[in-house]
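Following: one structure in structure tokens, then a few remarks.
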Amino acid sequence: EVQLLESGGGLVQPGGSLRLSCAASGFTFRSHAMSWVRQAPGKGLEWVSVISANADTRYYADSVRGRFTISRDNSKDTLDLQMHSLRAEDTALYYCAKRLSYSSNWSYLDYWGQGALVTVSS
Amino acid sequence: QSALTQPPSVSGSPGQSVTISCTGTSNDIGGYNSVSWYQQPPGTAPKLMIYDVSDRPSGVPDRFSGSKSGNTASLTISGLQAEDEANYYCCSYTRTNTLVFGGGTKVTVL
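If you read the sequences in order, they're chains A and B.
What the first sequence shows, in the numbering used here, is residues 2 to 123, in sequence order.
What the second sequence shows, in the numbering used here, is residues 226 to 335, in sequence order.
What follows is the structure, encoded as structure tokens:
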């Protein structure tokens with residue numbers, strides 16, 4: 002059974018930093034691109050970032066580029082999101098999600114974690 | 226990258242059909258066939274319902290269908306059921322190698 006378990010969320014002051022992690026199991030992690038998607042309270046989905054299976058390609062949303070860094074450890078089946086210079090508008094539930102197994106297109110996300118809540122407030 | 230445009234809500238009676246539109250630009254929906262749809266009941270994680278504009282992942286009922294014309298994609302739910310009540314989001318790959326979601330549509334079963 003595929004499982005994605007996010008951790009590392011919490012309350013942080015504006016300008017602060019936080020690192021989210023996602024522990025994956027139940028599939029061949031090293032073969033799948035992975036994404037982060039966030040959802041502000043009561044709002045819609047916003048894609049944040051993607052990293053290729055071997056970590057040689059990373060893309061970011063304009064809203065986080067230069068402040069967030071996505072990374073992965075294929076030996077530990079973990080995905081990370083390092084967040085710096087956090088703003089109030091970064092407050093959201095952050096989901097990690099895996100690429101649809103039977104498609105080479107990384108934009109299709111077939112399994113999602115339950116999310117890690119990040120609150121940016123003074 | 227601006228969000229794709231979806232109607233805030235649609236509704237229908239059990240057994241009826243509803244269609245949700247999703248309008249983008251030539252930089253996203255109109256330029257690629259990488260359109261997907263997600264279902265999200267309140268308090269749960271999103272679930273992939275449609276990919277490649279009109280394909281269904283394993284386990285998704287064939288009541289759900291997708292299509293695209295120009296810069297607009299559509300999701301149709303036929304034979305609406307109470308369990309279909311949820312928020313639905315469209316998503317498209319973009320020319321800048323990013324993803325853009327729609328603002329979401331709440332489907333209400335009357």
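C-beta atoms are modelled at their ideal positions from N, C-alpha and C, and glycine is treated no differently.
Span separating the alpha-carbon of Ser36 of chain A from that of Tyr96 of chain A: 8 Å
C-beta neighbour in chain A for Asn296 of chain B, strict 9 Å: no
Cutoff 9 Å: Leu80 of chain A Cβ touching any chain B Cβ: Closer than 9 Å: no.
7 Å Cβ cut-off: residues of chain A touching Leu324 of chain B: Trp48, Ser108
Proximal residues of chain A, C-beta to C-beta of Ala270 of chain B below 8 Å: Tyr96, Trp113, Gly114, Gln115, Gly116
Cβ neighbours of Thr244 of chain B in the same chain (closer than 6 Å, five flanking residues each side left out): The residues are Ser299, Thr301.
Residues in the stretch 269-289 of chain B having any Cβ partner in chain A nearer than 9 Å: Thr269, Ala270, Pro271, Lys272, Leu273, Tyr276, Asp277, Asp280, Pro282, Ser283
Paired residues, beta bridge with Met84 of chain A - DSSP: A:Leu19, A:Phe69
Proximity test, Cβ basis, 9 Å: Ser259 of chain B and chain A: yes
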